[in-house]
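Going letter by letter, the sequence shown gives residues 1 to 247 in the working numbering.
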Amino acid sequence: MMMRGSTFASLFLPLLAVCIQGNAQPVINVGAGCGDLPPGPPTNLKAVPGDRQVTLSWDKPANGACVSIYTVNAIPLGAGALYSSQSIPQTPDVSYVVSNLQNGQPYRFVVTAVSTKYASSGGNTASIQATPQATPAPPPSPPNRLCLNWVRPSGPGDLRIVDKGATYAKACWDTPTNYGCADYYTVNVQPKMPTMLASAFTPIKIQSGQCYTVQNLSPNTEYVMTVSSYRELYGGGGSSSIDFKTT
């Protein structure tokens, strides 16, 4: 049986079209990569001042652009600025310590994001101001107040007159030199040459503090001050003495 051309085309061409369409690959429209985007400014820029240095940290640009390196400039501010702009070597990191700065001199730090394709996009910088400061000296350590309970205390250490006048004298001392514990101290003042105007003083019990001011002394008179450590457990302790003369 002979088949006309028009009949063949009407039967097989639709099938052929279905097969071609079934094997066709979908076309994916790929957008621009991060390297094709100009970097935005570094975000969350922070500065922590230190001694002759400032530590900078930041996050990557918010627009997702690729960044190959960052550059940092330190620009001194104020009329008294003696240093020119300091260009920092390029860094791929998101932090940098700017050193060799002048303490007390304010600086403006400019961080620039740079990509391989875009060296400058006009909006790829962030800045912050900070002033390096010298590290303050740590506070002095408190004196060691530990003592040995089983040791009879010796005399106080470093007994000294820290102030005096015509009718008074102030003395200070340290804890017992052998680290024995003292429950309290007694202070006794005696004139070196007793006279009608310079009599002996009754010992004074000092339960707190390690300084004491003796009042009602005679002018231009030599005295001997004795400070004794006392421990109830041992019924006493050692003593230390010092000579002084009122004005």
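Where is the CB? At the ideal position from N, CA and C, for every residue including glycine. This one's a predicted model, so the numbers in the text were calculated from it and none came from an experiment.
Under the 8 Å Cβ criterion, the segment 69-77 does not count as touching the segment 146-161, having fewer than three qualifying pairs. For Q53, the enclosing beta strand (DSSP E) starts and ends at Q53 to D59. A check of alpha carbon separations from S228 across L37, E222, C181 and A113 identifies C181 as the nearest.
For the set L148, Q210, K117 and N149, the Cα lying nearest the Cα of R160 is the one of Q210. C211 sits in a strand when the DSSP states are folded into three classes. The straight-line gap separating the alpha-carbon atoms of V110 and A126 is approximately 6 Å.
Looking at the backbone, the Cα of D174 and that of Y185 are separated by about 11 Å. Annotation for S239: G155, T226 and S228 place their beta carbon closer than 6 Å to its own, counting only its chain and skipping 5 residues before and after. The three-state secondary structure of D158, taken from DSSP, is strand.
The Cβ neighbour count for P42, taken over all protein chains shown within 10 Å, is at least 16; the residue is labelled buried.
It is roughly 19 Å from the alpha-carbon of Y230 to the alpha-carbon of V224. Note that the C-beta distance between S95 and S68 is not below 8 Å. The continuous beta strand (DSSP E) containing Q129 extends over residues T125 to A130.
In this structure, the alpha-carbon of V189 lies about 26 Å from that of L233.
When DSSP states are grouped into helix, strand and coil, C147 belongs to the coil group.
Nearest Cα to V214 within the set K192, T246, G235 and M193: T246.
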